[in-house]
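K.L.:
Have a look at this one before I ask anything.
Residue numbers (the working numbering): 425 to 591.
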């Protein structure tokens with residue numbers, strides 16, 4: 425397998441790919457950087473003009489048990505703002521767990537009829553807002569200003585769609 429010549433944000437790396445990982449709605453390439461002689465994680469959407477170098481290499485095992493574990497332990501997008509998700513949902517955790525898709529956080533049962541969704545996100549707050557509204561159950565947001573703002577924007581958009589008359 426030939427290494428890739430990777431141009432990410434105008435920095436060139438010669439990378440020996442070890443794995444491709446999908447995590448939190450993003451794709452990551454785990455690769456050994458031949459120039460730096462270290463393992464790296466590249467966000468795939470930031471890789472521009474990948475080229476095969478023609479150089480052969482023997483694939484090395486990933487730097488963790490799996491490439492996914494390595495990506496989980498190495499956040500690569502420090503410039504992306506984080507926001508918290510903290511929500512109480514008026515439904516049993518067992519009913520909600522399969523309906524969130526890729527979970528926007530950790531789901532914990534509070535009692536037989538309510539659960540708590542908590543976590544930190546590094547993507548758009550609109551996504552968990554839409555997922556929560558789509559559950560079609562009551563919920564309350566706690567200490568999550570970005571999520572609250574996304575829900576208000578979604579409510580305003582829905583209100584405008586029906587002629588601007590909130591019930």
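Idealized CB from N, CA, C, for every residue including glycine. Values in this document were obtained by computation on a predicted structure and should not be read as measured data.
State the CB to CB distance for the pair residue 509 and residue 569, rounded to an integer number of angstroms; the pair is presumed to be in contact (CB under 8 Å).
P.N.:
In fact, because the Cβ distance is near 11 Å, the residues do not count as touching under 8 Å.
K.L.:
Rank 583, 482, 444 by C-alpha distance to the C-alpha of residue 423 and give the top, closest one.
P.N.:
Because the chain in this structure spans residues 425 to 591, residue 423 falls outside the shown range and cannot be described.
K.L.:
Please identify the residue among 466, 483, 473 whose C-alpha is closest to the C-alpha of residue 495.
P.N.:
466
K.L.:
Report yes if the C-beta distance between residue 457 and residue 451 is below 9 Å; otherwise report no.
P.N.:
no
K.L.:
Identify whether residue 468 lies in helix, strand or coil by the three-state DSSP scheme.
P.N.:
helix
K.L.:
Could you spell out the range, first to last residue, of the alpha helix (DSSP H) harbouring residue 572?
P.N.:
569–585
K.L.:
Does DSSP put residue 520 in a helix, in a strand, or in coil?
P.N.:
helix
K.L.:
Quick one: what does DSSP say residue 453 is sitting in, helix, strand or coil?
P.N.:
strand
K.L.:
Just how far apart, CA to CA, sit residue 490 and residue 584?
P.N.:
47 Å
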